[in-house]
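Novice:
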Amino acid sequence: MSDEYTGQIMPCGFHFAPVDFAFCMGGTVQITQYTAVFALLGTYFGGDGRVSFGLPDFRGRSPLGYGTSPYYGPFNMGQFGGGDSFVLTESNLPPHHHGVNLNVTGAGDATTTQVTLNATQLEGDSATPQAGAYLATAPDIPGPDAPEKIYYTGGNPSSTVALGGIEVTQTGSASGHVSGETGVTGAAVAVRSRSPYQAVNYVICMEGIFPQRN
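This note's numbering applies: residue 245 is where the sequence shown begins, and numbers increase by one.
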């Protein structure tokens, strides 16, 4: 029988389990074979509680004090948690922006356009401009004070001529909102969360002094 307490866990610098100890590598053992250990551990670390019970598994894991922590708890006996790595999500990132450079052309330019004014060679019938009237040929009206009838108001003439020399220059500016997305950045590679470590051998006492409650 070991001088340690039954159920006591300790790290060792050698790779085997001493007499009266077992590896803390999970698995189950028979209750009938280790009734004292079962009385202390119960099914905290596995087993069905009728025929078998489980042993702690510290392979690749570190121990953590159980109870209600003021920071992260509660932690229950035998509870597994944590991970070797994790993937960051959008909610894990601080607020930030990605710059976008856009070239917008055409704002503030001036455009000159040639405009064609159609006229008719028919004789005009009005000296007063009217909506839809065409410039026309002034009829030969006797008298020095007779008004020049240079507008044709008889509808659309069968033929017209194009007058030149008219140009219209348009200037102005424009503004607008451009929206979009930048290219995808990142590959969602998992981030390692393991602290610096050195592996040792964890064992548990199976035959020792049964601990008395304080």
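Quick reminder that beta carbons are idealized off the backbone N, C-alpha and C, glycines included.
Source: prediction; values computed, not measured.
Grab me the residues of E411's own chain with a C-beta within less than 8 Å of its C-beta, minus the 5 sequence neighbours each way, in chain order.
Specialist: These residues qualify, in order along the chain: T356, T357, Q358, V359.
Novice: Suppose contacts are defined by Cβ-Cβ distances below 8 Å. Is I394 in contact with G368 by that definition?
Specialist: Yes, the pair counts as a contact, with Cβ atoms nearer than the cut-off.
Novice: So, is T426 buried or exposed, given that buried needs 16 or more other C-beta atoms within 10 angstroms?
Specialist: Exposed, by the Cβ-count rule.
Novice: Identify the continuous beta strand (DSSP E) that holds A280 and give its terminal residues.
Specialist: First-last for A280: 279-285, but that is the alpha helix (DSSP H), not the beta strand (DSSP E).
Novice: With which residues is E436 paired in a DSSP beta bridge?
Specialist: Reading the sequence as shown, one finds Arg at residue 436 and not Glu. Bridge partners of R436: S329.
Novice: Measuring straight from C-alpha to C-alpha, what distance separates T429 and H342?
Specialist: Approximately 10 Å between the Cα atoms of the pair.
Novice: Here's a check: name, in chain order, each residue in its chain whose Cβ is nearer than 7 Å to the Cβ of P383, leaving out the five neighbours to either side.
Specialist: Only E367, G368, K393 meet the Cβ criterion.
Novice: Can at least three beta-carbon pairs, one atom from the segment 266-277 and one from the segment 293-311, be found at a separation below 8 Å?
Specialist: Contact between the segment 266-277 and the segment 293-311 is present, because at least three Cβ pairs lie under 8 Å.
Novice: Between V435 and L308, is the Cβ-Cβ spacing less than 8 Å?
Specialist: No, these two residues do not count as a Cβ contact at 8 Å.
Novice: In the DSSP assignment, find the unbroken beta strand (DSSP E) run with T415 in it and report its ends.
Specialist: From DSSP, the beta strand (DSSP E) with T415 extends over 411-415.
Novice: Measure from the alpha carbon of T404 to the alpha carbon of each residue in A363, L285, P455, G325, then state which is nearest.
Specialist: The residue with the shortest Cα to Cα distance from T404 is A363.
Novice: Alpha carbon to alpha carbon, how far is G322 from T272? Give it in angstroms, no decimals.
Specialist: For T272 and G322, the distance between alpha carbons rounds to 14 Å.
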